[in-house]
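For reference, the structure is listed below as structure tokens.
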Amino acid sequence: MKRSVHLVAKRVLLPLVAHRVLLPLVGVACVLAAWEATLIVYRLPAIVLPSPWSVAATLAELAGTAAFWRDVGVSLYEFIAGYTLGVVLGVAIGMLIGESRHFRMAATPVVELLRFIVPFAWIPLTILWFGTSYTGKILLVAYAVFFVMVVSTARAVIHVEPTLSRVGTMLGMGPWRLAWQVHLRAAAPMLASAARAAAAIGWIAVVAAEYIGASAGLGLMITNAATSLATPVVIAGMIAIGIVGAGVSACIGLLSRAWLDYR
Amino acid sequence: MARLPVNDMRTAVSDVVHAGELVVDRVFHRYVVAGRPTEVLRDVSFRIAPGAVACVVGPSGCGKSTLLGLAAGLLRPSSGNVSWDGASVRIGRNPHLGMAFQQPGLFPWMSVRQNVAIGLRTRGQSRSDAWRIADEFLDTVGLTEFKDAYPSHLSGGMAQRVGIARALALRPRLLLLDEPFAAVDAFTRLKLQQEFKTLLKLNRPTVLFVTHDVPEAIALGDVIVVMSQRPASVQRILPVAREERDRASPAYARKLAETLECLGVTSDIGDQETQ
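Protein sequences, first through last, are from chains P and H. Quick note: the first sequence uses this note's numbering, first residue 217, plus one each step. Quick note: the second sequence uses this note's numbering, first residue 2, plus one each step.
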């Protein structure tokens with residue numbers, strides 16, 4: 217009995233701990249060590265590059281303030297609204313492009329041109345049109361997300377296994393049902409990975425827009441801290457951006473896994 | 002003389018039209034392959050009487066699957082006409098139709114049972130009816146214990162059986178089968194062939210059955226349509242008599258030799274399966 221407990225610990229628990237906890241910690245430790253080493257080698261003052269420990273302390277301090285959570289909330293709100301809008305519109309238009317040859321012919325030049333105008337090129341215009349309000353940022357995120365989703369959806373729908381379409385028709389499905397029940401569903405794995413990539417781009421777009429003109433949000437928090445040379449706050453803010461972004465991506469990954477449970 | 006289930010159209014073109022009759026009338030079909038038009042079917046004509054089983058045999062790549070696509074309304078012939086119930090086959094939905102494809106084309110996001118039931122649902126059956134019928138047909142193809150599995154967990158032969166169950170569950174008036182037993186092991190194939198014959202007696206659909214297996218064609222067909230090389234036309238139409246299905250009989254051996262000869266295979270390997 218005791219031996220079997222021992223075996224479980226050795227064969228199951230140990231590798232699990234090693235893989236899920238130890239290895240990620242090793243990765244983080246390497247980065248922290250490089251950071252610390254840079255400080256020592258170049259003798260940088262705290263105002264240029266603060267130590268990891270003071271940044272951690274600042275982050276903990278920030279997490280205790282309402283203002284920080286308001287900034288996180290604003291950025292997340294802008295992101296979620298824009299992301300949802302971009303995904304819904306992007307999948308819808310992508311479906312149309314994939315399903316209808318006529319629509320594809322009409323839409324392709326517009327899509328191909330616009331998708332190379334990076335979201336950041338739109339920031340001056342959004343400020344001109346919408347000021348520092350949420351609307352400008354929401355639209356910017358939607359724009360960034362939209363093009364990722366349009367292109368992936370259209371491609372996925374066009375490449376759905378032709379037999380599946382034939383089977384759908386044979387089973388009595390009309391064009392709408394075929395699009396909705398077969399093509400969209402068959403495209404799901406590609407859409408899920410596109411949705412994750414789009415989330416990263418959308419989150420970057422929010423923060424970038426806030427850097428340049430905003431009344432609240434994590435991007436603004438960082439620019440404000442930088443103008444008053446509060447370097448630990450800048451870096452703590454950056455880390456917060458990374459953590460929230462990774463969290464968002466993980467949530468989308470979980471959602472899509474539920475959708476793709478058949479694999 | 003008794004009317005054969007299948008007549009050569011060249012001898013009887015505009016006969017009286019029967020409900021449940023499939024007529025292929027001077028069909029030509031061309032594809033564009035790598036920018037070059039390729040002729041697949043050249044002047045193919047035959048008809049299948051209501052409730053008859055026609056097995057199409059021919060060299061691989063001769064356009065047998067194309068023929069099924071035309072009969073299913075998935076393709077439009079380059080010229081000529083395919084008609085069912087006396088009217089040209091419509092492109093798109095055809096509620097009289099059930100088809101099993103060579104690659105079964107199961108929906109990977111649906112369980113086996115849902116895959117069989119979805120066509121019944123699309124055609125307006127209630128969910129409980131659809132599931133009951135799906136379960137029945139999964140039982141016939143011997144997959145009851147896999148009804149909750151997803152297609153990614155099935156072997157090729159099992160997936161093909163689900164495809165057959167899905168086509169049969171629709172209880173179609175016209176049943177099109179594209180080498181449905183090809184990926185199934187020999188024992189299961191024999192069993193399925195027998196069960197298939199019993200199932201056909203239930204609602205007597207008209208059947209167009211593509212196979213490369215001549216013994217299978219003799220076992221299942223009322224008539225064998227022998228196709229030539231591409232561009233394919235109908236080489237011969239051979240009726241199969243009941244006594245010719247008995248694999249131990251000399252009549253069977255003669256039929257096999259005759260069919261193989263039409264296919265250009267010498268008959269001294271006549272007691273082996275082609276391919």
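Cβ atoms here follow ideal geometry from the backbone N, Cα and C, with glycine treated the same way. Here the structure is a predicted model, which means the values were calculated and not measured.
In the DSSP assignment, the beta strand (DSSP E) including residue i goes from what residue to what residue?
i	result
H/HIS30	23–34
P/GLY289	First-last for P/GLY289: 282–315, but that is the alpha helix (DSSP H), not the beta strand (DSSP E).
H/MET100	98–101
H/LEU178	175–179
H/ALA183	Here H/ALA183 belongs to no beta strand (DSSP E), and DSSP marks it neither H nor E.
H/ALA242	Counting along the chain, H/ALA242 falls outside any beta strand (DSSP E), and DSSP gives it neither H nor E.
H/ALA55	54–58
Counting only C-beta atoms, is residue i closer than 7 Å to chain P at any point?
i	result
H/GLY21	no
H/GLN104	yes
H/MET159	no
H/THR1	The question about residue 1 of chain H has no answer, for chain H in this structure spans 2 to 276.
H/TRP85	no
H/TRP132	no
H/LEU75	yes
H/GLY64	no
H/ARG190	no
H/ARG94	yes
H/ARG124	yes
H/MET100	yes
H/TYR151	yes
Using a Cβ cut-off of 7 Å (strictly closer), state whether residue i contacts chain H.
i	result
P/MET386	yes
P/LEU344	no
P/ARG227	no
P/THR379	yes
P/VAL373	no
P/MET389	yes
P/ARG473	no
According to DSSP, is residue i helix, strand or coil?
i	result
H/GLN236	strand
H/ILE49	strand
H/ASP136	helix
H/THR207	strand
H/ASP223	coil
P/VAL326	helix
P/SER444	coil
H/THR39	strand
H/GLY271	Unreliable positioning characterises H/GLY271 in this predicted model, as indicated by a pLDDT of 46, which lies under 50. The coordinate reading is nonetheless provided below. In this structure, H/GLY271 counts as coil in the three-state DSSP scheme.
P/MET437	helix
H/ASP214	coil
H/MET228	strand
H/SER250	coil
H/ALA88	strand
H/ASP149	coil
H/ASP44	strand
With residue i as the anchor, note down where its alpha helix (DSSP H) starts and where it stops.
i	result
H/LYS85	With the sequence shown as reference, residue 85 of chain H is identified as Trp, and Lys is not the correct amino acid for it. Run containing H/TRP85: none in the alpha helix (DSSP H); it sits in the beta strand (DSSP E), 80–85.
H/ALA73	65–73
P/VAL233	230–233
H/VAL266	Per DSSP, H/VAL266 belongs to no alpha helix (DSSP H) and is neither H nor E.
H/MET111	Here H/MET111 belongs to no alpha helix (DSSP H), and DSSP marks it neither H nor E.
P/ILE343	339–346
P/THR369	350–374
H/GLN161	157–170
Could you tell me the alpha carbon to alpha carbon distance between residue i and residue j, rounded to whole angstroms?
i	j	result
P/ALA363	P/ILE420	The sequence given here has Phe at residue 363 of chain P, not Ala. Those two C-alpha atoms are separated by around 15 Å.
P/ALA408	P/GLY469	8 Å
P/HIS318	P/LEU305	19 Å
H/ASP86	H/ARG114	31 Å
H/VAL28	P/LEU471	51 Å
H/ILE49	H/ARG231	22 Å
P/ALA360	P/LEU255	37 Å
P/LEU434	P/ASP287	5 Å
P/HIS375	P/ALA402	9 Å
P/PHE284	H/LEU139	59 Å
H/GLN161	P/LEU275	59 Å
P/ALA273	P/PHE336	32 Å
H/VAL90	H/VAL45	16 Å
H/ARG11	H/GLN126	Confidence at H/ARG11 is low in this model, with a pLDDT of 44, below 50, so the placement of that residue is unreliable and no value is reported for it.
P/ARG227	P/VAL237	16 Å
P/GLY418	P/PRO325	23 Å
H/PHE1	H/SER112	No statement about residue 1 of chain H is possible, as the shown extent of chain H runs from 2 to 276 and does not include it.
Verify the contact flag: residue i, CB atom, against every heavy atom of the ligand ADP, threshold strictly below 6 Å.
i	result
P/MET406	With respect to the ligand ADP, the structure offers nothing, as it holds no ligand at all.
Could you name the residues of chain C that residue i contacts, counting a contact when the two beta carbons are closer than 7 Å?
i	result
H/ILE119	Structure shown: chain C not included; protein chains present are P and H.
Do the segment 56–74 of chain H and the segment 166–184 of chain H make contact, defined as three or more Cβ pairs closer than 8 Å? yes
Contact between the segment 102–115 of chain H and the segment 50–60 of chain H (3+ Cβ pairs under 8 Å): no
Taking 8 Å as the cut-off, does the segment 346–357 of chain P touch the segment 277–297 of chain P (at least 3 CB pairs, one atom from each stretch)? yes
Using 8 Å as the Cβ pair cut-off and three pairs as the minimum, do the segment 157–167 of chain H and the segment 183–193 of chain H touch? yes
Decide yes or no for the touch test of the segment 141–155 of chain H against the segment 21–37 of chain H: beta carbon pairs closer than 8 Å, at least 3 of them. no
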